[in-house]
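Residue numbers (my numbering): 2 to 367. Reviewing the structure listed below.
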C-alpha cells in the first residue's frame, strides 16, 4: 500500500498579511461599487501602528483609503491607534490602452500563467488538508469573538495521511492563537480543543495516534502587526490549494477582474471543478497563460495525473468545447465586476459555494 502525508496551513483574519489582503480587497470593493469598470491594483503594507496604502487606480470612484483601512482593522478586532499613509497614482495610460482599447476587446491586464485545481478529497472538491485548515481557522475566529481570552491573530495546520491516493486519516493538527495576557496555556488548549477542533474535524478521520499541538510555542500575546509585518499577496498558497496544486505567478487580493492573475485563476478552478464533478477525472489541474493586451490565451493545458476516464488530450478538447478563456467572457460568465472581493480575502478563494467560480457547469462531452 502506498501511504504518504501532506500538510497545508491557513491563517485567521488577524494575521498581518491577511489584514493587508482585507484592506486591499475592501478598497477594490469600494471602487467597484461606484464604478464597475474600475481598474485597480492598490496594495497595503502594515507594521506596528503604521499602514501604507499604495498602487495604481483607474476609477471614477471617490475612495477614502484611510477610513477603509481603519474600519477594516477595527472590524478585525484590533483597538490600537493606527496611522495611514496613502500613495496611489492613476493607472498607466499605456496599460489602460492595451487592456481596454486593444482591437476594441478587453485584453489581459498583464502577461502571466494561472492554475486551477480540483480533486475528490472533499465534497467541495478541494484538497483535504487545506479544506480542514481553512475550516479550523474560520472556527477559531468565530470562537475568539465570543471568548475574549483569544485574540485576532492565529494559524492552523493540518496533516492528512493518504493511502493509495485516498484520504485515510488526519495525522496532525496544529492551532496557534494569540491570547490575552495572564491566560494559562491549559485554558487555551481546553477551549481550542472543545470549541474549535472538535467542532470542525470529522471524528472518523482521527484516531488514538492523531497528534494535536495547541500553541506549541507557548505564550502568544504579541500578535498582529505588532508581532510581525504584513503585506498584500504573501499568502498565495493559503489562498489557493495549500500546495497541493501548482500556483501561478501572481496573487489575487487588490486586483480587479481585468487582471488575469485573479480572474483567470478563478476560471481555471471553475473548469477543473466542473471536470471532476462530471467524474471525468478524480484530479484535474488546468493551466492558462496570457500576453498583456491580448484577449485570448496563448496556451491552455489540462493534467489529470492518471485519474482521467479519457486522455488529457481528449479532456482538453472537451474543455475547449465548453469553456471560453477570453478575458471579457471570463468576467461576464463569472459576473466579476461586483464588490465581492473582501469575502475572498480570508479562508481561501476556493471551495466556498458563495462564489460564482465554485459553481459546476454541465458539460457537453460528445
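For each residue, glycine too, the CB sits at the ideal point set by N, CA and C.
Hey, quick one: how far does the beta strand (DSSP E) through residue 3 stretch, first residue to last?
Element bounds for residue 3: n/a, residue is neither H nor E.
Please report the distance separating the alpha-carbon of residue 1 from that of residue 174.
Because residue 1 is not part of the residues shown, which for the chain are 2 to 367, the question remains open.
Environment of residue 298 [buried if 16+ CB atoms lie within 10 Å]:
buried
Do you know whose CA, among 344, 168, 231, 305, lies nearest residue 52's CA?
231
Within 10 angstroms of the Cβ of residue 26, are there 16 or more other Cβ atoms? Answer buried if so, exposed if not.
buried
For the stretch 252-270 against the stretch 184-193, do three or more pairs of beta-carbon atoms, one drawn from each stretch, fall closer than 8 angstroms, so that the two count as touching?
no
Once the 5 residues before and after residue 73 are set aside, which same chain residues still bring their CB inside 6 angstroms of it?
23, 24, 27
Proximal residues to residue 157 (C-beta, below 6 angstroms), its chain only, five neighbours per side dropped:
For residue 157, the CB contacts under 6 angstroms within the same chain, skipping 5 residues up- and downstream, are 11, 134, 137, 138, 176 in chain order.
Would the stretch 112-126 and the stretch 272-281 be scored as touching if the rule is three or more Cβ pairs under 8 angstroms?
yes
Decide if the stretch 142-157 is in contact with the stretch 307-314; the criterion is three or more beta carbon pairs, one per stretch, under 8 angstroms apart.
no
With DSSP as the reference, identify every bridge partner of residue 70, one or two as the case may be.
As DSSP reads the structure, residue 70 sits in no beta bridge.
Starting from residue 151, trace the beta strand (DSSP E) both ways and give me its first and last residue.
151-164
Count the CB pairs spanning the stretch 282-293 and the stretch 109-118 that are closer than 8 angstroms, and state whether there are at least three.
yes
Tell me where the beta strand (DSSP E) around residue 88 begins and ends.
84-91
Per the DSSP calculation, residue 133 is bridged to which residue(s)?
Answer by DSSP bridge pairing: none, since residue 133 is not bridged.
At the level of alpha carbons, what is the spacing between residue 107 and residue 140?
40 angstroms
State whether the stretch 235-252 contacts the stretch 201-214, with contact taken as three or more CB pairs (one from each stretch) at a distance under 8 angstroms.
Judged by Cβ distances under 8 angstroms, the stretch 235-252 makes no contact with the stretch 201-214, as fewer than three pairs qualify.
May I ask you to report which of helix, strand or coil DSSP gives residue 221?
coil
Have a look at residue 83 and residue 48 and give me their C-alpha separation to the nearest angstrom.
10 angstroms
Check whether the Cβ atoms of residue 149 and residue 181 lie closer than 8 angstroms to each other.
yes
Proximal residues to residue 365 (C-beta, below 7 angstroms), its chain only, five neighbours per side dropped:
322, 323
Which ranges would you report for the alpha helix (DSSP H) in the stretch 276-336 if only whole runs of at least 4 residues count?
313-323, 328-335
One question on the structure: do residue 294 and residue 109 come within less than 8 angstroms of each other, judged by their Cβ atoms?
yes
Compare the beta carbon distance of residue 251 and residue 349 with 8 angstroms and say whether it is the shorter of the two.
no
Can you tell me whether DSSP reads residue 270 as helix, strand or coil?
helix
In three-state terms, what does DSSP make of residue 168?
strand
Just to confirm, is the Cβ distance from residue 207 to residue 9 under 8 angstroms?
no
Can you tell me whether residue 24 is helix, strand or coil according to DSSP?
helix
For residue 55, which beta-bridge partners are listed by DSSP?
44, 88
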